[in-house]
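Asks: Have a look at this one before I ask anything.
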Amino acid sequence: MPRWGMVIDLNKCTGCGACVVACKTELNVAIVGPEESGKGRTMLCMDIFTFYEGEFPNVKTRHMPRPCFHCDNPPCTKVCPVRATYRNEEGLVTQIYPQCIGCRYCQVACPYTVKFFNWSKPEWPKEMRKALNPDVSVRPDGVVEKCTFCVHRLQKAREQVAVENRELEEGDYVPACVEICPTGAMYFGDLDNAKHAVNKLKRSHRAFQVMEDLGTEPKVYYLSEMEIE
Amino acid sequence: MKKSVSFGSVLLMVLVLAGLMTGESPETQPIAYNHYLHVEENAMECRDCHMYAEDNARASIPNIEVCRDCHEDAMSDKEAEVTLINYITENTRIPWKQIYSVPDHAYFSHRRHVKLGELDCTVCHGEVGKLSTPVTEPYVEVTMDWCMDCHESSGISIDCSACHR
Amino acid sequence: MEISRREFLRLLGATGAGVSLAGLGCDSTWSVPDEMYERVVGAPGIETWKTSLCTLCPAGCGIKVRLIDGIPVAIGGNPLHPVNRGGVCPMANVGVEALFNPDRVTEPLRRVGARGEGKWEPVSWDEAIETVGSRLQGLRERNETNRLAFFTNHDNTLRSDLVARFMTAFGSPNLCVFGKNNASTLATYLTQGHKKPLSYDFKNIKLLINFGADFLDEGPSPVRFNQLYSEFRNRGEGRNVKIVHIDSRCSRTASISHEWLPVKPGTMAALALGIANVLIKDGQYDRGFVAANSFGFTDWKDRAGKVHRGFKALVEEDYYPEKVARITEIPARRIVELARTFATVESALVLAGGQAGNSSNGLYTLWAIECLNGLKGNYKDNGNISICQEPPFTELPEATMDEVSSKGLSRPGMTRSVTPFCFPENAVSLLPQAILQQHPYPIEVLFLANANPVFSATNQSDFVAALEKIPFTVSFNSFVDETSLYADFILPDHVFLEKYEVVHTVPTVPFSHLGMQQPVLEPLYNTRNTGDVLLQIARNIGGTVASSFPWPDYKECIQFHLQGIYERGAGTIFSERMDDAWLKFLKRRGWQVFEYSTFEEFWQVLLDNGGWWDPFPAETDFRTIFQTPSKRFEFFSQGLQREIRSQIPGTATGEEIRSLLQKWKIEARGDLAFLPHYESTRFDDSNPEFDLHLLPYNLITNIAGGGCVLPMMQELFGMLAREYWGSWIEFNPDTARKHGISEGDMVKVTSSKGSLEVKAKLLPTIKPGVVYMPVGLGHKAYGRFAKGIGVNPYEIFFEDYDSIGGVSSLTSTKVAVERIRGKEQA
């Protein structure tokens, strides 16, 4: 059974934001407009956090793309009263929208703030609706949304390999953010499979997880930046 | 925006729910299509017209570009064919009413069921080929229960994320 | 009563009925958009991918468009395209939003209201083209073809070339190309004597010093530079490139560099010369190159025997590190350190852009910076710098000109009258002056394609006045932007997914290449490719104008150009493998990657794979790139000397010369004017209360202004700053404290030209005393997603120009800030 996970090399990431946008288009995450944005209701499954270390002029800026960490021990799933979010056998922390009642407990429970609530019915101008991704549902208002590791791509990939009568290989299933990354800073695969790059990378001396001490066991690893020799 | 739920609305909802569970009202199709004539009398296969049923998620409902292959010229003077040829010559799309649909939050793939699962079309669609009148209501109501029953009994994944998206 | 899903579930949960609702997908409670649902009905949902190019910005990245039943839904990078290597920026990723934007111009329009009012009526293509043609015909009959002006942006397309040809054939010198990289061509001209874009080879470099070029967010190809910068940091132990960034703001480019030197605005020339000083003093420059291939390094004697000062003496005397430290506010120790690293690494490159060129002393600054590349000997065979090679297109005979057009073309261009020196074509910001004064002649017809100076120039109101003065204006834009609001006709172009185009020779790219754009779907509306419209107009004019454009349509014009590449058999169509060894192997066996027996086959493979390139251009002797009077790299510019001299009458007295120099705002006297030096930057000193420098910067979500028609990009405009659908101003926390401003406050920013209200952000990545605002928002037109969102800082920018080139100075603005209200009340 694969255990899907991601590795993000911060030494390669330039913070261009392609992942943020690719994610928004892939998952049909609604554009909320200026008014809702003003209330802090902008919706992002993938986000980039910018940290500043030090003070002027010796300041270091760090960019950190943040998808859902798909924790092996997720705090969010434990509080869901309807099992709309749960960890499945392959380690994906799912978000089943038709099941979600919008109580937002999970949003509060997530230490990484990956979850967000959609406050209003998503609306696109009539002409623009054609450009939605038909592979992903448009959620109704009032549910909690989050990064799904593009599970719809897994559904399709699995079918494809079955048709081709072979096993799922590295690269068959890759989330949209990883696919778009122009600098190749993101890796995706089966953390337990020695043939996959993520398996080796997660053991790199540069690898770290965010807030490991919480015991959440995130499946997104980061590779720290290197100093110039 | 919390709305209070009155007794009246509860009653209404129960009624609505009951209505939904007994199925939707029959649709009227734009052409009096005769499956029997095509499948039984002319020995055509389902996928001759529903071309993508084996290789794609959606089976597709044939439209003028498919019908045109045979009906470029009239084969009869039946009203249904006259209507069809009218669509073809006018180059307008036939506004078929889709009878079976899966909501977009569930991934349903014909390829998966027909090609990989080797299910016969009739499992979900019944003996459509024997119908001489157009399909106006579904043979089975496609509910999650219907899906789950089959998945459970045949040992297919019932993980929510296997289908939901 | 409306039943919502929420209530449904609450009810069911309460009664404990486990009824599945999944079958209710078509219920209105699920807000599946109608259109999407309609598409689902019956359609097979077949996924296809089509190769094309994104031309939302001039970089022209190769893209792959995902289509479902023929409708484009997403865009990814074309991995075969050697410039962007499969990467795309955020803008390209949501490029389909431009296609489906509900505010596109869907048919030709004629103005009915007052100029700027935005009232239009539809008109047929035939009638519109007829009207435009007869206007042009009128100019020809009156022998005044020079009264046609064309405002466009340089976008590396074949259409740009077609526009230039059109202007030549018609007979007007007034082709005005707006573009950011103009400033750097000036420095190239002074040092190397040509105005072609330079290409850079980063393969062997160990150090990159970047003077202000925000390559990751703007410039020639942001995707390529994001990849390059990332690669510089990950070449592996001992092979990584050290990147040093010099700017007043730690931009994203600076943030992933290894060092950031926060320089005082407008003083980069001094810093460059300070580095040169250390190099020269230590004797650590490429002596071979300087001795054999440069001019004016040491003192020299002219024909008359007069001794002129050389670069070496100037730098040694005037730019010692301590002095430079005082000017630039960079500690002398760091200047020396940087210079020594630069001197000692085997291969290093210096690049410039951004505020380096956009200052009142921009030309001297870029020139001084370029001299560092001269000292490092970066010009040599297989060196780091070369000229961008154009693909071997079919050679086109010069546009034929009859008497009328020759006469028109021989008249001086409009900008020539407002800038005295050698670069009138760069002085596009000064156009309004010339147009308003009608000097040397009035402009009667104006064509607009992609240029939007009413939004992006610092003298926007002058442009408005000029546009109101021009009797007849035609816009070829796909949207009604601020400038098109003043047009009489809008002849809308397709959006990039609907047309054929070629993008070639993107600056900085070290191999010759072209990318193919092809329509991925039929045009949605009654729009036409501007290339086709221009050809039609030329045909209608007839005579030599028509015969210069023998193609029935723009697609055939493109094919004609490509015929040359097909016949010559040089280079290769983009192919799967791009690694060096493979390419070298191919080159040895004569590039036979694909086999095609006809041009049609070649064309099809070209469209499928997205373009053509030649990674190994013919080797040329590097000396041939120096076309200066000395045929060498000029530290002392004889070209500039000649230009300045030509403006000064031979009889002029010393006093007269001084007053002329003063009029041209050149501080330097004598030989110094012809040498790169630090001219103190001019700032708006009209009000002592204006105590902060205001500078602009660009974001990757709005490269070249292209993001404003994409709602996703408007929402994510400031995604790193976490500011959505809005503008902000950045302060150093120290500066903010001194002005009583806290994070999130609304502040009023006042310059001598006006004021704006905007939200404050406090960041340690800004030099104290300087404030920065992102540009790209604050549109007054351009459709519902752009209009009224955020503010446009250029509205309050002080107008000043580089004294010599005429390029707008964006570093001269000074402002006062005042807190209006706190975050809570905002």
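Chains as they are written, first to last, in the working numbering: chain A, 1 to 229; chain B, 230 to 394; chain C, 395 to 1220. Note that the Cβ used here is the ideal one computed from N, Cα and C, for glycine as well. These numbers come from a predicted model, not from an experiment.
Need the endpoints of the alpha helix (DSSP H) that ILE1198(C) sits in, please.
Replies: Here ILE1198(C) belongs to no alpha helix (DSSP H), and DSSP marks it neither H nor E.
Asks: If you check the beta carbons only, do LEU214(A) and LYS202(A) fall under 8 Å apart?
Replies: No, they are not a contact pair.
Asks: Give a yes or no on contact between the segment 1112-1124 of chain C and the segment 46-64 of chain A, applying the rule of three or more CB pairs nearer than 8 Å.
Replies: Touching, yes.
Asks: Tell me the DSSP secondary structure of ALA1220(C) in three-state form.
Replies: With a pLDDT of only 46 at ALA1220(C), under the threshold of 50, the placement of this residue in the model should not be trusted; the figure read from the coordinates follows. It is coil, neither helix nor strand.
Asks: With DSSP as the reference, label HIS196(A) as helix, strand or coil.
Replies: HIS196(A): coil per DSSP, three-state reduction.
Asks: Would you mind sorting SER382(B) into buried or exposed? The rule is 16 or more other CB atoms within 10 Å of its CB.
Replies: SER382(B) is exposed by the Cβ-count criterion.
Asks: Under 7 Å Cβ-Cβ, which residues of chain C neighbour ASN292(B)?
Replies: Neighbours of ASN292(B) on chain C, chain order: GLY436.
Asks: Quickly, what does DSSP pair GLN783(C) with across the bridge? List them, please.
Replies: Beta-bridge pairing links GLN783(C) to no other residue.
Asks: Kindly list the residues whose CB is nearer than 8 Å to the CB of GLU716(C), restricted to its own chain and excluding five residues on each side of it in sequence; keep chain order.
Replies: Within the same chain, GLU716(C) has close Cβ partners ALA726.
Asks: With a CB to CB cut of under 8 Å and the five nearest residues on each side skipped, what residues in its chain are close to GLU441(C)?
Replies: Result list for GLU441(C): ARG460, LEU461 and ILE462, in chain order.
Asks: How long is the line joining the alpha carbons of VAL798(C) and THR867(C), rounded to whole angstroms?
Replies: Roughly 22 Å separates the two Cα atoms.
Asks: To the nearest angstrom, how far is the alpha carbon of ASP349(B) from that of CYS376(B)?
Replies: Spanning the two alpha carbons is a distance of roughly 15 Å.
Asks: What runs of the alpha helix (DSSP H), each 4 residues or longer, lie entirely inside the segment 49-100 of chain A?
Replies: 75-78, all fully within the segment 49-100 of chain A.
Asks: Determine the contact status of VAL29(A) and GLN95(A), defining contact as a CB-CB distance below 8 Å.
Replies: No, these two residues do not count as a Cβ contact at 8 Å.
Asks: Do you know how far the Cα of GLU961(C) is from the Cα of GLU1225(C)?
Replies: Any answer about residue 1225(C) is impossible in this case: the structure gives chain C only from 395 up to 1220.
Asks: Which chain A residues sit within Cβ distance under 8 Å of ALA1098(C)?
Replies: Those do not exist, as ALA1098(C) stays about 16 Å from chain A at its closest Cβ, beyond 8 Å.
Asks: Does HIS342(B) get closer than 8 Å to chain A when you measure Cβ to Cβ?
Replies: Chain A, which has no Cβ nearer than 8 Å to the Cβ of HIS342(B), makes this no.
Asks: Assuming PHE890(C) and GLN911(C) form a contact by the criterion Cβ under 8 Å, report the distance between their Cβ atoms to the nearest whole angstrom.
Replies: Yes, PHE890(C) and GLN911(C) are in contact; Cβ-Cβ is about 6 Å, under 8 Å.
Asks: Starting from HIS907(C), trace the alpha helix (DSSP H) in both directions and tell me its first and last residue.
Replies: Per DSSP, HIS907(C) belongs to no alpha helix (DSSP H); it is in the beta strand (DSSP E), 906-911.
Asks: Going by DSSP in three states, LEU879(C) sits in which element: helix, strand or coil?
Replies: Helix.
Asks: Between which two residues does the beta strand (DSSP E) holding PHE841(C) run?
Replies: 839-843 is the extent of the beta strand (DSSP E) around PHE841(C).
Asks: Kindly say whether TYR281(B), judged by its beta-carbon, lies nearer than 8 Å to any beta-carbon of chain C.
Replies: With 8 Å as the cut-off, TYR281(B) counts as an interface residue toward chain C.
Asks: Is the segment 1182-1196 of chain C touching the segment 1061-1072 of chain C, taking contact as three or more C-beta pairs under 8 Å?
Replies: Output reads no: the segment 1061-1072 of chain C does not touch the segment 1182-1196 of chain C.
Asks: Tell whether a beta-carbon distance below 8 Å holds between PHE736(C) and PHE1029(C).
Replies: Going by C-beta atoms, PHE736(C) is not nearer than 8 Å to PHE1029(C).
Asks: With 16 other CB atoms within 10 Å as the buried threshold, where does HIS833(C) fall?
Replies: By the neighbour-count rule (16 or more Cβ atoms within 10 Å), HIS833(C) is not buried but exposed.
Asks: To be precise: take each residue of the segment 173-197 of chain A, compare its Cβ to all Cβ atoms of chain C, and keep it if any distance is under 8 Å. Which residues remain?
Replies: Hits within the stretch, in order: GLU179, ILE180, CYS181, PRO182, THR183, GLY184 and ALA185.
Asks: Specify the secondary structure class of ASN871(C) as computed by DSSP and reduced to three states.
Replies: Note: ASN871(C) maps to coil in three-state DSSP.
Asks: Mind listing the chain B neighbours of SER137(A)? Cutoff is C-beta to C-beta under 9 Å, in chain order.
Replies: Within 9 Å Cβ-Cβ: PRO332, ASP333, HIS334, ALA335, HIS393 and ARG394.
Asks: At which residues does the alpha helix (DSSP H) containing ASN671(C) begin and terminate?
Replies: Segment 662-676, the alpha helix (DSSP H) holding ASN671(C).
Asks: Once the 5 residues before and after PRO473(C) are set aside, which same chain residues still bring their CB inside 7 Å of it?
Replies: Counting only Cβ-Cβ distances below 7 Å, and skipping sequence neighbours, we find ARG479 and GLY480.
Asks: So what's THR216(A) in DSSP terms, helix, strand or just coil?
Replies: Looking at THR216(A) - three-state DSSP - the assignment turns out to be coil, as it is neither helix nor strand.
Asks: Along chain C, in chain order, which residues have C-beta atoms closer than 7 Å to that of SER224(A)?
Replies: Residues of chain C passing the Cβ test: none, with the nearest at roughly 12 Å.
Asks: So which residues of chain C does THR42(A) contact, with C-beta pairs closer than 7 Å?
Replies: Near THR42(A) (Cβ distances below 7 Å), the residues of chain C are GLU1109 and TYR1118.
Asks: What do you get for CYS299(B), buried or exposed, if any count of 16 or more other CB atoms within 10 angstroms of its CB means buried?
Replies: CYS299(B) should be labelled exposed.
Asks: Pop quiz: ILE640(C) and LEU665(C) are said to be a contact at Cβ under 8 Å. What is the actual Cβ separation, rounded to whole angstroms?
Replies: Between LEU665(C) and ILE640(C) the Cβ distance is about 6 Å, and since that is below 8 Å, they are a contact.
Asks: Considering GLY1048(C), what are the terminal residues of the beta strand (DSSP E) in which it resides?
Replies: It is not in any beta strand (DSSP E) - GLY1048(C) instead sits in the alpha helix (DSSP H) that spans 1048-1057.
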